[in-house]
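Top line first, the protein sequences correspond to chains A and B. Here the first sequence is numbered in the UniProt record's numbering, starting from 1 and rising by one per residue. Here the second sequence is numbered in the UniProt record's numbering, starting from 1 and rising by one per residue.
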Amino acid sequence: MSLLEVAGLSIHAPDGRPLVRDLSFSVEAGDRLGLIGESGSGKSLTSLAIMGLLPPGMTASGRVVLDAPGLPRTDVIGAPSRRLNQLRGPAASVVFQEPLTALDPLMRVGRQVAEPLRRWRGLRGAALREAVLAALSEVRLDEPERISRAYPHEISGGQRQRVAIAMALACQPALLIADEPTTALDVSVQAEVLSLLAGLILARGMSLLFITHDLAVVASVTDRVLVLRDGAEVESGTVRDIVTAPRDPYTRDLVDSARAFDEALPGRRS
Amino acid sequence: MAATNPAATNPAATTNAATTNAATGPILAARAVNFAYPHAAPVLKDVTFSVTPGRSMALVGESGAGKTTLLRLLLGLTRPSAGAILFDGADLDLRDRDRRREFRRGVQTVFQDPYSSLDPRQRVSRIVGEPLRSLGLPGAGDTGRTATGGASRDGASRDGAATGGAGSRADRKAEVRRRVAEALHSVGLPADAADRYPHEFSGGQRQRIAIARAIVCEPRVLLADEPVSALDVTTRVRIVDLLAELKRERGLTVVMVSHDLGVVATLCEDIAVLERGRVVEQGRTDEVLGSPTHPYTRRLVDSAPRLPSLD
Chain A
1 MSLLEVAGLS
11 IHAPDGRPLV
21 RDLSFSVEAG
31 DRLGLIGESG
41 SGKSLTSLAI
51 MGLLPPGMTA
61 SGRVVLDAPG
71 LPRTDVIGAP
81 SRRLNQLRGP
91 AASVVFQEPL
101 TALDPLMRVG
111 RQVAEPLRRW
121 RGLRGAALRE
131 AVLAALSEVR
141 LDEPERISRA
151 YPHEISGGQR
161 QRVAIAMALA
171 CQPALLIADE
181 PTTALDVSVQ
191 AEVLSLLAGL
201 ILARGMSLLF
211 ITHDLAVVAS
221 VTDRVLVLRD
231 GAEVESGTVR
241 DIVTAPRDPY
251 TRDLVDSARA
261 FDEALPGRRS
Chain B
1 MAATNPAATN
11 PAATTNAATT
21 NAATGPILAA
31 RAVNFAYPHA
41 APVLKDVTFS
51 VTPGRSMALV
61 GESGAGKTTL
71 LRLLLGLTRP
81 SAGAILFDGA
91 DLDLRDRDRR
101 REFRRGVQTV
111 FQDPYSSLDP
121 RQRVSRIVGE
131 PLRSLGLPGA
141 GDTGRTATGG
151 ASRDGASRDG
161 AATGGAGSRA
171 DRKAEVRRRV
181 AEALHSVGLP
191 ADAADRYPHE
201 FSGGQRQRIA
211 IARAIVCEPR
221 VLLADEPVSA
231 LDVTTRVRIV
241 DLLAELKRER
251 GLTVVMVSHD
261 LGVVATLCED
271 IAVLERGRVV
281 EQGRTDEVLG
291 SPTHPYTRRL
301 VDSAPRLPSL
311 D
């Protein structure tokens, strides 16, 4: 059984316009899959549909089955919200693009990280405090005590995204969904966060669904990619095959565009 | 792509520049510029660089490097706390009205977000024609975009008259329409775009409209603030190609603020790397990115995400 199976997923806007069309893919335990597409391709809506978080008025059809170890196998589409609340966190959790909006501006960072630890791991008191600091250290934040006492606006964008990752990981999810997690970050911070994510995924044996518009970014963290355009799959395959031998003309355009800027840069320094 | 060749300036551009007072020196320059907002730590410290005609320049750095502040200074929107911004070799002080017009004719801007930079209530023809109305038509009469049809001739002949002397009102309107159509054509938009509104266009097309507005009065410099970072990659390539073509065909010098080294390497012959308000390294783009000497530049180059190689 796949950890995540998406079969014939379609999403319609309130006015009936199709936004995602007949999309199918699956993620096995330990898989790292990239969804790549440009604006309007439906990549973020797909991630919201997997979490059962589509904006009001949008309707999904097809199947989105989450089957995480120790949790009831559930078709997210049409599942009651009580059932979904059991899954959000331990089955799948998300890191969004903009960490500033993912964090509560009025709550100290430590308390925000503590919330999922309390809820999912049942920790209290000194054990909880220790787990918060461990979670912050795990995402390689220096001075976890200071960060834990800070409010979100008092730390940098890269630090906030690490905190958001720590919160997502605190639920010990089987599947981590990362939706453009580094797009709002400076390039040197992006490189650090990507290598952090790659390391954590490996260390914890999690599965990863990575959503991005950036081919070079996805190539550095996933094994397989699925190319989306206007809500439908264009092609899918290993990162290597897609980047070196794209079959579809749109994928080729995407790869050639990325390649044009890549080749303008000097050769990789080793 | 043009990264390794010095920009080929066309004859028209050379003539155009030659009629200007300070054609031989830098068009824009920063001399020991310092800047601090009131009661705050300095944003720019001792920034010095110059923009040579025909050699496009990239100002790169990460957030907090001072890129946006530097751009505001180059646009004359803010004055340095110390040091000077020079336009054609003279201090850029836009309190002088004639000087301001001369500067606006010579230096035009394209912003990052094509959704907020175009007035949604105006037709494209009005948006693109605005600089012609506020600055007057470059070149009197029907000379069009010829070798000498530049800002300098116009400035000398009309000396600040608000509406200019290109014949009757109807003639002027027709001339504005003709130049708008030509600018739209140059950026690859269909002629009927003129009668439409910004919301009818995609992000890439809007950025073309913004570029058409910037080039309609035939400036020598295009100041661009992250001009392609809001665009999808396939669109990004097309807009960068368009800017390269404008450089080639109009002798336009692009001064670009960007964090994207791939775009910078494609478009700009020269580069200045900013870190926390200081220029840590500058020179030819291929040399600076190919063998960076400052650790910060090296870190930027190494951080750029790369595609798996083909072999």
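C-beta atoms are modelled at their ideal positions from N, C-alpha and C, and glycine is treated no differently. Model, not experiment: these values are computed from the prediction.
Practice task
Return no unless some Cβ of chain E is closer than 9 Å to the Cβ of residue 223 of chain A.
Solution key: No chain E appears in the structure shown, which is made up of the protein chains A and B.
Handout entry: Outcome for residue 146 of chain B when other beta-carbon atoms lying within 10 angstroms are tallied against a minimum of 16
Key = With a pLDDT of 38 at residue 146 of chain B, under the threshold of 50, the modelled position of this residue cannot be trusted, and the question is left open.
Problem - Residue-chain proximity (residue 260 of chain A, chain B), Cβ-Cβ < 9 Å - result: yes
Practice task
Determine which residues of the stretch 237 to 266 of chain B have a Cβ less than 7 Å from any Cβ of chain A, and write them out in chain order.
Solution key: 237, 259, 261, 262, 263, 265 and 266
Handout entry: Test item: CB-CB of residue 155 of chain A and residue 181 of chain A under 9 Å
Key = no
Handout entry: Start-end ranges of the alpha helix (DSSP H) lying completely within the stretch 233 to 259 of chain B, minimum 4 residues
Key = 233 to 250
Problem - chain A within 9 Å of residue 90 of chain B, Cβ atoms only - result: no
Handout entry: Three-state class that DSSP yields for residue 80 of chain B in the structure shown
Key = coil
Handout entry: Bridge partners - residue 237 of chain A, DSSP secondary structure assignment
Key = A:225
Exercise for the section: Check each candidate in B:33, B:31, B:258 and B:41 and name the one with the smallest Cα separation from residue 225 of chain B. Expected result: B:258
Problem - Contact check, residue 128 of chain B vs residue 184 of chain B, beta carbons under 9 Å - result: yes
Problem - Residues sharing a beta bridge with residue 62 of chain B, DSSP - result: BP columns for residue 62 of chain B are empty, so no partner.
Handout entry: Chain-order list of residues whose beta-carbon lies under 6 Å from that of residue 297 of chain B (same chain, five-residue window excluded)
Key = 273 and 281
Exercise for the section: Report buried or exposed for residue 270 of chain B, applying the criterion of at least 16 other Cβ atoms within 10 angstroms of its Cβ. Expected result: buried
Practice task
Determine whether the Cβ of residue 290 of chain B lies closer than 9 Å to any Cβ atom of chain A.
Solution key: yes
Exercise for the section: Going by CA-CA distance only, name the one from A:149, A:52, A:18 and A:102 that's closest to residue 157 of chain A. Expected result: A:102
Handout entry: DSSP beta-bridge partners of residue 175 of chain A
Key = A:92 and A:207
Exercise for the section: Please list, in chain order, all residues of the same chain as residue 2 of chain A whose beta carbon is under 8 Å from its beta carbon, the five residues on each side excluded. Expected result: 26, 27, 28, 65 and 67
Problem - C-beta neighbour in chain A for residue 42 of chain B, strict 9 Å - result: no
Practice task
Determine the closest residue to residue 308 of chain B out of A:264, A:244 and A:261, with distance taken between C-alpha atoms.
Solution key: A:244
Exercise for the section: Starting from residue 186 of chain B, follow the alpha helix (DSSP H) in both directions and report where the run begins and ends. Expected result: 169 to 186
Practice task
Throw me the rounded Cβ distance for the residue 44 of chain A and residue 233 of chain B pair, which I believe falls under 8 Å.
Solution key: Actually they do not touch by this definition, with Cβ atoms about 17 Å apart.
Problem - Among B:220, B:267 and B:260, the one whose alpha carbon lies nearest that of residue 240 of chain B - result: B:267
Problem - Cβ-based burial, residue 260 of chain B [other Cβ within 10 Å; buried from 16] - result: buried
Problem - Contact list for residue 20 of chain A against chain B, beta-carbon separation under 9 Å - result: Per Cβ cutoff of 9 Å: no residues; residue 20 of chain A is ~18 Å from chain B at best.
Handout entry: Below-9 Å beta-carbon distance, residue 154 of chain A vs any chain B residue
Key = no
Practice task
Compare the C-beta of residue 246 of chain A against all C-beta atoms of chain B and say whether one is closer than 9 Å.
Solution key: no
Practice task
Leaving aside the five residues before and after residue 81 of chain B along the sequence, list all residues of the same chain whose C-beta is less than 7 Å from its C-beta, in chain order.
Solution key: 34, 35 and 36
Practice task
Can you tell me the Cβ-Cβ gap for residue 106 of chain B and residue 220 of chain B, rounded? I've got them flagged as a contact below 8 Å.
Solution key: 5 Å
Handout entry: Run of the alpha helix (DSSP H) containing residue 207 of chain B, from where it starts to where it stops
Key = 203 to 215
Practice task
Go to residue 155 of chain A, then tell me how far its beta strand (DSSP E) extends in each direction, as first and last residue.
Solution key: Neither: residue 155 of chain A is in no beta strand (DSSP E) and is coded neither H nor E.
Exercise for the section: State whether the stretch 230 to 242 of chain A contacts the stretch 33 to 48 of chain A, with contact taken as three or more CB pairs (one from each stretch) at a distance under 8 Å. Expected result: yes
Practice task
Indicate whether at least one CB of chain B lies closer than 9 Å to the CB of residue 213 of chain A.
Solution key: yes
Exercise for the section: Please confirm whether residue 175 of chain A and residue 71 of chain A have their CB atoms less than 9 Å apart. Expected result: no
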